[in-house]
Amino acid sequence: MEKLTNKEEEIMHILWKLEKAFVKDVLAEIKDEKPHYNTLSTIIRNLEDKGYVSYNAYGKTHQYYPIVSKEDYKKRFMTLAIDNYFNNSYKNVVSFFAKEEKISVADLKEIIALIEKDK
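108 is the number that the UniProt record's numbering gives to position 108 of the sequence shown; each next residue is one higher, with no gaps.
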């Protein structure tokens, strides 16, 4: 799985949400600065080249759909992030969020209970 740019990832989130979409449908979902139609079409074709999307052709128009699931992408992204930023240590991940006060003691206890339950 090739790494996506931020804009490609944004487009993938839209395609995962819509499941199938024409370029104009994707364009309508973009909240911030909307790219030109042709620019967006190029980004989607790049996603196709990278193996993330495919399409059904209807004459000269294409309806695109994701062929990489959000779950598969999330697993790969999280694995790379944990490897690259936390030395492949889940303990370091949890410690980071605890230090940043992004996770509560109650959340940590819930995680521990889930781990112990599966033993």
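All residues carry an ideal CB built from backbone N, CA and C; glycine is no exception.
Query                                                                                                                                                            : Result
Going by DSSP, which residues form a beta bridge with Tyr55?                                                                                                     : Tyr64
Would you say Tyr37 and Leu27 are within 8 angstroms of each other, going by their C-beta atoms?                                                                 : yes
Determine contact between the segment 52-65 and the segment 76-94, defined as no fewer than three beta-carbon pairs at a distance below 8 angstroms.             : no
In chain order, what residues of the same chain lie with their CB nearer than 6 angstroms to the CB of residue 123, ignoring the 5 residues before and after it? : The chain is shown from 1 up to 119; residue 123 falls before or after that span and cannot be answered.
Could you check whether Leu40 and Val68 sit closer than 8 angstroms to each other, using their CB atoms as the reference points?                                 : no
Rounded to whole angstroms, what's the CA-CA distance from Lys31 to Glu116? Just pull it up for me.                                                              : 42 angstroms
Below 8 angstroms CB to CB, which residues in the same chain sit around Ala98 once its five sequence neighbours on both sides are set aside?                     : Leu108
If we count the other Cβ atoms within 10 Å of its Cβ and call it buried at 16 or more, is Ala21 buried or exposed?                                               : buried
Check the DSSP bridge columns for Ala21 and list the partner residues they point to.                                                                             : Tyr64
When the Cα atoms are used, what is the spatial distance from Ser54 to Ile43?                                                                                    : 13 angstroms
Mapping the DSSP letters down to three states, classify Asp118 as helix, strand or coil.                                                                         : coil
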